[in-house]
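Asks: First the structure, which I've put down as C-alpha cells, then a few questions once you've had a look.
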Amino acid sequence: MARRYLAVAAFASLIVAIQMATFFTGTGYHLTQLTMTAYYSLVTVGLCMLIGYAGQISLGHAGFFAIGGYVAAFLTTWNLNPYQGVFVSLLKRSGALVPRTDLYGGTLLTVHPWLACAAAILLTIVIAYIVGGPVLKLKGHYLAMATLGIGIIVYRVVLGTDFLGASDGISEVPGFPLPGGLAIIGDASSRVSNYYLAWGLVILGMVLLLNLIDSRVGRALAAVHGAEDAAGAMGIPTARYKLYVFVLSAVFAALAGVLLTHYNGGVGPSEAGVMKSVRYVAIVAIGGMANLWGALSMSLVLNYLSLRGYFGTYDDAVFGVILVLIMLFAPDGLLRRHLLSDLKRVFSRDPSEEEAP
Amino acid sequence: MLGGMTAVTLQPFLPLPLAIVLAVVLTMIVGAVIEIVFIRWLYKPSVLRMVIITIGISIGIREVALHLWGNGVKTLPYFTGSSISSINLGGVYISSQVLWVVGVGGLAVAALTAFFNLTMLGRQMRACAANRDAARLCGIDAGNMVTLSFVLSAAIGAIGGAVVCPITYVQYDSGTPLAIKGFTVAILGGLGNSTAAVGAGMILGILESFSIWVLPSAYKEAISIAILLVILFVKPSGIFGSAEAARLKEF
Chain A
2 MARRYLAVAA FASLIVAIQM ATFFTGTGYH LTQLTMTAYY SLVTVGLCML IGYAGQISLG
62 HAGFFAIGGY VAAFLTTWNL NPYQGVFVSL LKRSGALVPR TDLYGGTLLT VHPWLACAAA
122 ILLTIVIAYI VGGPVLKLKG HYLAMATLGI GIIVYRVVLG TDFLGASDGI SEVPGFPLPG
182 GLAIIGDASS RVSNYYLAWG LVILGMVLLL NLIDSRVGRA LAAVHGAEDA AGAMGIPTAR
242 YKLYVFVLSA VFAALAGVLL THYNGGVGPS EAGVMKSVRY VAIVAIGGMA NLWGALSMSL
302 VLNYLSLRGY FGTYDDAVFG VILVLIMLFA PDGLLRRHLL SDLKRVFSRD PSEEEAP
Chain B
787 MLGGMTAVTL QPFLPLPLAI VLAVVLTMIV GAVIEIVFIR WLYKPSVLRM VIITIGISIG
847 IREVALHLWG NGVKTLPYFT GSSISSINLG GVYISSQVLW VVGVGGLAVA ALTAFFNLTM
907 LGRQMRACAA NRDAARLCGI DAGNMVTLSF VLSAAIGAIG GAVVCPITYV QYDSGTPLAI
967 KGFTVAILGG LGNSTAAVGA GMILGILESF SIWVLPSAYK EAISIAILLV ILFVKPSGIF
1027 GSAEAARLKE F
C-alpha cells in the first residue's frame, strides 16, 4: 500500500524536477512536447492494462484516440448559428452551447467543450462495448487482425468524411476551460500549468489503474491471464472482466484524444493511423507488458524523443524495429520484475527452467 | 508491394518479362531471409508473437522502401497493348491488363492446387499445417516447410504485385491495405483453401465496388475490413470452410 504511493510520489517529484530543470536552463519550450507526451502516456498506460493485465492485444487503440479527438474537435468547432430553432435556443439557455468568436472575428455558437468531452467518452464507451464483446472472443492473430481492422476503419472513415475535414483534419479547436481560470490550451503563457495538468491527469490515471490491479477485478484478471479456463472454472466471469478492461482502456485513449486535441488546437487523420497503434503497442512491449511503471517511463522517454524529432525520418521505423526486437528476444516485455533472473537464465542456458514463470 | 517496386526498378535495365521474374526471385529471397532471420530459431513461438513480428517487419520494409524509392507513385507499362487500348470480348471492352491479371491469378491457383494435392512437398506442407508434431514424427522437416511457405507466399505476392502494378500503381505504403485485404479474403474463404479464396476474393471485390453506390468511395477500404470483422464474429471458419476443419484451429 505505502510502497505503491511511494512510487507515485517518486514519479510526481520526477515531473516537478523536469519542470525545474527546464525552468533553470531556460528550455521551457521542451514542456510543450512533454505535455503532448503526457497525453500519449495516458493511452499507453490504458493499453498496458489491457495487454499486460487482461492479456488481450489491441492494435486499434489509435482508433479510440481519434474517436475522442474527432468528436471533441467536431462538436467544439461546429457552428450552430445557422440552425436557430427551439432546440438550439433551449440548449443555449441551458449553457450547453457557448458563443465565441473565431480567428477572423465572426461569431460562432458551438457545443461546450465539457459536453463535447462527455459525448466523446460516451461514444467511445458505446463503440468499445459493442465491438469489444465479439472481438474479445477471438484469440491470437484473429484478435490482432480484428483490432487492427477497427483502427483502420476509423482511419478510413475520418479520412473520407468531409465534415471531419478529410485529410486536413479539424483545426481551430478552442481550449478546454477548467475551473480556476485554467484551460487546456497550447498557449506559450499557459505552458507550465498545462504541463502539470497533463501529468497530474496521468498520475491520477496511474493511481486508478494501480488500485484496480490490487482489487478484486485485478486479481481476477491475473487469474484470467494465467489460465483462462481455470479462472472460468473458479467462477470468474472472464469475458465480462476482459470487456470492462477493454472499455476502460478505450476511455483512457479517448480522453487523451479529447484533451490533446484541445491542447494542439486540432486533430488530423494521422492520429488514427496504424502506425500510432503499433507505436503504443511497442511502448507497452518495451515497458514490460504487465508493468505500468515501465510502460509509463518508456512512453515518457520514447514519445518525447519522437516528438522532438530525434528519430528524424526513421520515426516509424524505430518503433517497428523496437517491436520486432522485443518480440524476438523478450516476448514478455523488456522491463519486468523478473528481468534479472531472466538474464541469468538466458546466460546459463538451462532448458529445464524454460517453463518457469 | 516489394514485387511491384522491384519490377519497376529493374524495368529500365531489363526486358519486362525478365524484370518481373527477377523481381519475383528477389522477393522470394527476401521472404526466405525474413523467415530464417526472424522466425526459424524461435522456440515454439505463439501465433500472436509471429503476427506482431511480421507486422513490425512490414513496417521496416515500408520504411526502407520509402527511403529507397521515395514516396512517389510508380507503375509498369501494360504487358500487352497500352492503357487506352482494349479488347472486345462479345461486346464488352476489357483492358488487356485485366485479362493478364485474371489469367495469372487463375494460373497461380491452379499451380497451388496442383502443388498441394499432387506433389510430395505440397502434401508435407499440408501435414505440417494440420499437425506439426505428427508431421515431424513422420520425418518431415517442419522448419524447412515454414521457410518454404514464406518463400511461396512471397512469390505469389510478388507476382500479384507485378501484374496489378500497371493498373493500380505502386507506392511505398501500398502493401498494408493489401495485407489486410488478403487476410480478409483468406478468412472469408476459409484458411488453407486456395480455390475458395478466389471465390471469396471475387465476392469481396464485387461487394467493395458496389459499395460505392450507397457510400462515398473513400469508405471502400473500410468496407472490406468491416466484412472481415463480421465474418470473424459470425462465422470464423469462413463461408466456404467447414466447421469441422475450423475446430482444429484456435480462434
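These protein sequence lines are chains A and B, in that order.
The working numbering puts the first residue of the first sequence at 2, with every later residue one more than the last.
The working numbering puts the first residue of the second sequence at 787, with every later residue one more than the last.
All C-beta atoms, glycine included, are put in the ideal place defined by N, C-alpha and C.
1) Would you call the stretch 41–49 of chain A and the stretch 317–327 of chain A touching, i.e. three or more CB-CB distances under 8 Å?
2) Near residue 1001 (chain B), what residues of its chain come up, given a Cβ to Cβ distance below 8 Å and the 5 sequence neighbours on each side ignored?
3) Residue 969 (chain B) touches chain A at which residues, Cβ-Cβ below 8 Å?
4) Quick check: what's the CA-CA separation for residue 77 (chain A) versus residue 34 (chain A)?
5) Is it the case that the Cβ atoms of residue 53 (chain A) and residue 290 (chain A) are separated by a distance below 7 Å?
6) Among residues of its own chain, excluding the 5 on either side of residue 206 (chain A), which ones have a beta-carbon nearer than 8 Å to its beta-carbon?
7) For residue 216 (chain A), count neighbouring Cβ atoms within 10 angstroms of its own Cβ and tell me buried if that reaches 16, exposed if not.
8) Do residue 69 (chain A) and residue 272 (chain A) come within 7 Å of each other at the CB atom, strictly closer than that value?
9) Among B:926, B:843, B:1013 and B:827, which residue has its Cα nearest to the Cα of residue 971 (chain B)?
10) Measuring only between beta-carbons, confirm whether residue 244 (chain A) sits less than 7 Å from chain B.
11) Cβ closer than 7 Å: which chain E residues qualify as neighbours of residue 317 (chain A)?
12) Would residue 1002 (chain B) pass as an interface residue toward chain A - the criterion being a Cβ-Cβ separation below 7 Å?
13) What in chain A is Cβ-close to residue 1014 (chain B), meaning under 9 Å?
14) Measuring alpha carbon to alpha carbon, tell me which residue in A:277, A:299 and A:56 is nearest residue 225 (chain A).
15) How far does the alpha helix (DSSP H) with residue 323 (chain A) in it reach, from first residue to last?
16) Have a look at A:8, A:152 and A:37 and flag the residue whose alpha-carbon is nearest the alpha-carbon of residue 61 (chain A).
17) DSSP on residue 996 (chain B), reduced to helix/strand/coil?
18) Going along the stretch 156–186 of chain A in order, which residues come within less than 7 Å of chain B, judged by CB to CB distance?
19) Leaving out five residues on either side along the sequence, give the residues of the same chain with a beta carbon under 6 Å from the beta carbon of residue 136 (chain A).
20) Taking the straight line between their C-alpha atoms, what separation do you get for residue 968 (chain B) and residue 948 (chain B)?
21) Have a look at residue 299 (chain A) and residue 287 (chain A) and give me their C-alpha separation to the nearest angstrom.
22) So for residue 238 (chain A), helix, strand or coil by DSSP?
23) Threshold first: 4 residues or longer. Then list the alpha helix (DSSP H) segments lying entirely within the stretch 35–85 of chain A, N to C.
24) Just to confirm my understanding: we take residue 929 (chain B), look at its own chain, exclude 5 residues before and 5 after, and list those with CB closer than 8 Å. What are they?
25) What did DSSP end up calling residue 184 (chain A) once you bin it into helix, strand or coil?
26) Return no unless some Cβ of chain A is closer than 7 Å to the Cβ of residue 918 (chain B).
27) Could you give the first and the last residue of the continuous alpha helix (DSSP H) run that contains residue 930 (chain B)?
28) Our contact map puts residue 110 (chain A) next to residue 177 (chain A) with C-beta atoms below 8 Å; I'd like the distance itself, whole angstroms only.
29) On the DSSP letters alone, give me the boundaries of the beta strand (DSSP E) that residue 878 (chain B) sits inside.
30) At the 7 Å Cβ level, is residue 324 (chain A) part of the contact set with chain B, yes or no?
Replies: So, from the data block:
1) Under the three-pair Cβ rule at 8 Å, the stretch 41–49 of chain A does not count as touching the stretch 317–327 of chain A.
2) Leaving aside the five residues that flank residue 1001 (chain B) on each side, the residues in its chain whose CB is nearer than 8 Å to its CB run, in chain order, 1009.
3) In chain order: 146.
4) Going by the C-alpha atoms only, they are around 24 Å apart.
5) Taking 7 Å as the Cβ cut-off, residue 53 (chain A) and residue 290 (chain A) qualify as a contacting pair.
6) These residues qualify, in order along the chain: 43, 46, 47 and 253.
7) Burial check for residue 216 (chain A): the Cβ neighbour count within 10 Å stays below 16, so the residue is exposed.
8) No, Cβ-Cβ distance for residue 272 (chain A) and residue 69 (chain A) is not below 7 Å.
9) For the residues B:926, B:843, B:1013 and B:827, the minimum Cα distance to residue 971 (chain B) belongs to B:1013.
10) Taking Cβ atoms only, chain B never reaches closer than 7 Å to residue 244 (chain A), which makes this a no.
11) Judged by its chain identifiers, the structure shown contains no chain E, and its protein chains are A and B.
12) Interface residue, yes.
13) Those within 9 Å of residue 1014 (chain B) in chain A are 146, 147 and 150.
14) For residue 225 (chain A), the closest C-alpha among the options A:277, A:299 and A:56 is that of A:56.
15) Residue 323 (chain A) -> alpha helix (DSSP H) spans 316–330.
16) For residue 61 (chain A), the closest C-alpha among the options A:8, A:152 and A:37 is that of A:152.
17) Helix at residue 996 (chain B).
18) Cβ contacts with chain B: 157, 158, 160 and 161.
19) Cβ neighbours of residue 136 (chain A) beyond the five flanking positions: 147.
20) Distance between residue 968 (chain B) and residue 948 (chain B), taken at the CA atoms: about 16 Å.
21) CA-CA distance, residue 299 (chain A) to residue 287 (chain A), rounds to 7 Å.
22) Coil at residue 238 (chain A), not helix or strand.
23) Qualifying alpha helix (DSSP H) stretches, in chain order: 62–78.
24) So the list reads 826, once near-sequence residues are dropped.
25) Correct three-state label for residue 184 (chain A): strand.
26) Output row for residue 918 (chain B): interface = no.
27) First-last of the alpha helix (DSSP H) with residue 930 (chain B): 928–954.
28) Contact flag wrong, Cβ pair sits at about 18 Å.
29) Element bounds for residue 878 (chain B): 878–880.
30) Cβ-Cβ to chain B under 7 Å: yes for residue 324 (chain A).
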